[in-house]
Each structure stands twice: as C-alpha cells, then as structure tokens.
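So the structure is just underneath, and the comments pick up after that.
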Amino acid sequence: MRDLAVGYPGRPVLSGVSFRASAGSRIGLVGENGTGKTTLLRVLAGELAPSAGEVRVVGSVVAVAQELAVEGARTVGHLVEEALAEAHAAAAELAAATGEVDRLSASEEPGRVQTASARLAAALARAERLQVWDADRRADEALTRFGAPRDRSRELASLSVGERYRVRLACRVAQRPDVLLLDEPTNHLDVGGIDHLTEQLRTWPGVVVIVTHDRRLLDDVMTAILDLDPSMDGRPTLYGESSYATYRFQRAAALRRWRARYSAERKRAAALAARLDEAYEGLSDEWRPPKGSQKHRRATRARIHVKAADRLVERLEAQAVDVPVPPLELSFPDLPALPPGDDGSHPLLEVRGVHVPGRLDLPGVRVDLPACGRLLVTGPNGAGKSTLLAVLAGTLPSARGVRHVQPGVRFGLLGQDDDPTGSDAGRTGFEAYAAHALALLERGLLDPGRLVPVAALGLLTEEDLERPLSELSVGQRRRFELARALLAAPHVLLLDEPTNHLSVALVDELTEALVGTSAA
C-alpha cells in the first residue's frame, strides 16, 4: 500500500498510508475511533476503491467484519461449506491429477506423462497450502474452540450477534486464505477462544492484518503496529517489530512533543494578536501625529506607521508553524462514592438467588457491591454474565431471589451490544444526550446538579456530536454509549465488555480512570 487516501464526499478519512506486508507478517491496526481502521480493511478486501494511492494484494483475501448481515434462511452449514469450498475443490483436483498420473505411468507417451506430472505437482502444492486433508476437522475444532454453534442446520438469524461472529471467524480461520483481515476479533471471544486464536495467528503462513484494541493480542501476535492516528506531520506511523509497551512509550513521547509544540504555537499566535493590536492602535480612528506637527506631514507619517505594522505581521506569520490540534484525551468525571446521607455501612447493591429462566440460575449465591467496590464477572460464553449485569442494573427482572439498592444510588450501564442508532438514529449526539438526560430526570434518576456534559469528556469532538449518530463509526457510537453511562454521575458503573470497539489509547486511559474513580 503506497500513499493511500480514502474519503467520502466532503469528509476525508485516510491519507498518506503506506506499508508492506510479506508472508508471515502480522500487522496490528490501531488508532482512535473514526480514524479509518475498518475503512482500510475494506480497501484491502477490495470492497472499497481508494481515492488516491496504490494497493497491491497477491493471493486469496478474506475479511471478517464486525457485523454480519443475515440474508434469507442461511445456516451455519452454508458458511462452513463456503469457507471450505476451495479446499474441497483442491482435494478433488489432487485426486483427479493423481489418478491421471497413475493411468499414464505405464504408457509410452512422455509428453502426456510430463503434462500430467506438472498438473499433479501444482495440485499437490495447492493442497498443501490449504491443508485439504485437515480442512473439515479444522473447521469443527475452530467452531468448538471459539464457542460457536456446531449444528450446521441452525439458521444464522436465530443466533446472537456474538454467536454469528464466532461462526464466521471459525470458518475463515479454517479456510486458511493467503491474506486474513480481522476487525476486532476478540470482542466476542472468551479466554479459551482468544488463546486458540492467538495460537492460530502466530503460525499463520500468510499475511494477517488485524484491527484490535486487545493489548495482549498486540503483544503476543503482531510483528508490526500501524497507528492510523494522525501524527504531527499528518501521516500515520508504522512501528516495525514493536511490542505494545514499546509502541505506547514511543507514541506517548510523540504526543507530549506534539502537545508542547501546539501549546507553544498557540502562545505565539496570542502574542501576535497582541502585537497587532498594539501596532494598529490609534489607526481604527483617524490617526493623528503629535500636536503641533506640520499638517502636510500627517499623511506621510500615517503611511509609515501602517507599513511598519504590516511588516511586523509578515515577520511573525513567517515564523509561525501550522501545528494541527492534538487528539482528544479522556477527561473522566469525578464520580461520587455515596449518595447523600449514606454512611457506607451497607452495600450499595445486593442480589441473592438470581434466576432468569433459560439464561442464569444462581441458587444460594449472594452478590453485593460496597461503596468504591470492584466486582469482576467472568466465565465462558453463554454462562450468563450479561444477564447478571442486567439483573444488577434492574433492567431485567429475576424470577426468584432478592435485589436491594440503597436509597439514592444512581447507576450507569454500558451494555455489550448497546447501539444508539435505534430510535436515536436521526438525532445528533447532542440531541440524543439531552433526550437521555430528560428521560432520567423524569424517572427521578438524575441530579441536575451532577449532570456530566458530553463535550467535556474528551470522547467525541463537538463536530462529531453535531452529526447524526447513524453517521458515526461503530467505535464512535461505542464512545457515545460510554458517555451516556456517565451522564448521571453514577455511584455504580455496570460495564459489559467496556473495551469493545475502543482504541487502544482510550482503553489505557479508561483503565487508569476506572482504577482511580470513587464509583463502584
């Protein structure tokens, strides 16, 4: 990829992207939400044409996008068969070529024997590359290890978003293309699934390009990291042979230099404005020379005064450097630990014996959360983690047991699959945020004096907040949902996979904020 640029009408997305990946390369794509990571994968997959630059890909290319549109009555089996079609075709070609050589081996037609042998050699090379003798077992193992449904008759429409993603990921890994493009592959995997994915990618014979926020995956798998965040010179940066820790150190140092340079240029601009005000002072009204001066010299001296001011402007502007605005930085709000009048002697939240038929059953189990507490909910896919969080939040009733909340406790909930583009799709970020605040206020769940302004969080720019939510990227919408969870200054934050779709830089900032916040 050389000097690639991609944009939509009136909105550039990528520019100046260059990198090369050979067999065995594993490139991690990182950057803030909305910088074009998914767009870059679409260009590599051939789904989107660049507006400038050159892209060259050799071999088969397969992309696993974050979202899968379900068409008709397609089943798990359809995805498996599509993924293994090339392997099955290669196996059939190898069998046919082998049979042809066996039939001709005793003949006396050397030309035909030579042609058949060449065909067999090519078929064998293709079969080895695709490992055709292992394809079906590989697909079954991937479905199992990723926690995906193995029943090939199940319709995709009946699966959850996470299940559909795991089925597709398993099929594509079993397919073994030359170039594998993955968009946030660990979002819907448990620990066992991530371990299996890591094992597969570290031995991948071709090229892997991955958009991910997973710091462990970046450390364990990547041979290079491409940061799409614009640098001070406006171009993405490739960190070759870089561990995640080294990348973060180098990036943090570059950001410090950028912010210092930007601050210095802002001070220079302010000084320029002050000097100009001083230089032109008196010229806004009729400029007059000192009293008693000769009348015919007034115009001449005025012209000299103006020219001196103009020369000062030119000199100061020539010294100025156009430094772009540095990227946003998370400004986490000061969340309260206790509601008014609470002495902290009782848990803020307590549930006992939760039972949601068909989803979660915890007889005899008590879960409580004290002020400033920290609770980690973990387990394999399908164990009921999201269900438990919904019960804790009070958005899902339990058929049995008890839920007790201290008076005045406010909650902030970030669901795993929350997406504001439902009823709020046509609203701007500012409008949707205001509507959510009003809804909380009507239900008595908001203290107007503790409202957290969305623009003050550093999650989205004001320009993004003025756009309809449907126009934002998946990551930007996730940032908006995080902001909405913080709106009421909650005493309890309930976060379901909070790092999903976020940039690695924001994950680091959010981690630091959650360690230090007073909220539970």
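Just so you know, this note's numbering puts 287 at position 163 of the sequence shown, and the rest follows in order with no gaps.
C-beta atoms are modelled at their ideal positions from N, C-alpha and C, and glycine is treated no differently.
Quick caveat: nothing in here was measured; it's all calculated off a predicted structure.
Uninterrupted alpha helix (DSSP H) stretches at least 4 residues long and entirely within the segment 316-402 occur at 339-345, given in chain order.
The three-state reading of DSSP puts D492 in strand, counting E and B together. Counting only residues of its own chain and dropping the five nearest sequence neighbours on each side, V529 has a CB closer than 6 Å to the CB of L473. The Cβ-Cβ distance between A189 and A221 does not fall below 8 Å. Counting other Cβ atoms within 10 Å of its Cβ, P451 reaches 16 or more and is therefore classed as buried.
Taking 3 residues as the shortest admissible run, the segment 135-211 contains the following complete beta strand (DSSP E) segments, listed from N- to C-terminal end: 135-141, 150-154, 176-178, 185-188. In this structure, DSSP gives H528 an extended state, which the three-state scheme calls strand. Approximately 6 Å separates the beta-carbon atoms of R603 and L584; this is inside 8 Å, confirming the contact.
In this structure, A294 keeps its C-beta atom at 8 Å or more from the C-beta atom of A259. Here H560 carries a helix assignment [DSSP, helix/strand/coil]. DSSP, read as helix, strand or coil, puts L537 in strand.
Just so you know, the alpha carbons of H337 and N311 end up roughly 9 Å apart. Between the C-alpha atoms of P471 and A461 there is a straight-line separation of about 11 Å.
With distances taken between CA atoms, E191 lies nearest to R292 out of L254, A242, R292, R269. When the Cα atoms are used, L626 and T635 turn out to be separated by approximately 12 Å. Per DSSP, reduced to three states, the secondary structure at A612 is coil, with no helix or strand assignment. The alpha-carbon of R227 is positioned some 40 Å away from that of R274. Linking T347 to L638 through their CA atoms gives a straight-line distance of about 30 Å. The three-state reading of DSSP puts L619 in strand, counting E and B together. Pairing G465 with A644 gives a Cβ-Cβ distance that is not under 8 Å. S642 counts as exposed, since fewer than 16 other C-beta atoms from the protein chains shown sit within 10 angstroms of its C-beta. In the DSSP annotation of this structure, A580 is not part of any beta strand (DSSP E), being labelled neither H nor E. The shortest C-alpha to C-alpha distance from A607 to any of Y557, T322, L569 is the one to Y557. Sixteen is the threshold: since fewer than 16 other Cβ atoms of the shown chains lie within 10 Å of the Cβ of L500, the residue is exposed. Beta-bridge pairing by DSSP links L484 to V480.
Assigned with DSSP and collapsed to three states, L459 falls in coil, not helix or strand. For V137, the closest alpha carbon among the candidates S146, G155, A147, R144 is that of G155.
Taking a 10 Å sphere around the C-beta of W382, we find 16 or more other C-beta atoms and assign the residue as buried. The beta carbon of L325 sits closer than 7 Å to the beta carbons of R150, V332, V345 from its chain, once the five residues preceding and following it are set aside; these are given in chain order. For V475, the beta-bridge partners assigned by DSSP are V491, R527. In this structure S594 does not touch A629 by the C-beta definition: roughly 25 Å separates them, more than the 8 Å allowed.
By alpha-carbon distance to L611, the top candidate from D458, A145, T519 is D458.
The residues V194, in chain order, have a CB closer than 7 Å to that of A281 in the same chain once the five nearest residues on each side in sequence are set aside.
With a beta-carbon spacing of about 6 Å, L589 and V578 fall inside the 8 Å limit used to define contacts.
Under the criterion of beta carbons closer than 8 Å, L512 and V478 qualify as touching, at roughly 7 Å. The alpha helix (DSSP H) runs of length 4 or more contained entirely in the segment 252-281 are, from start to end of the chain, 259-269.
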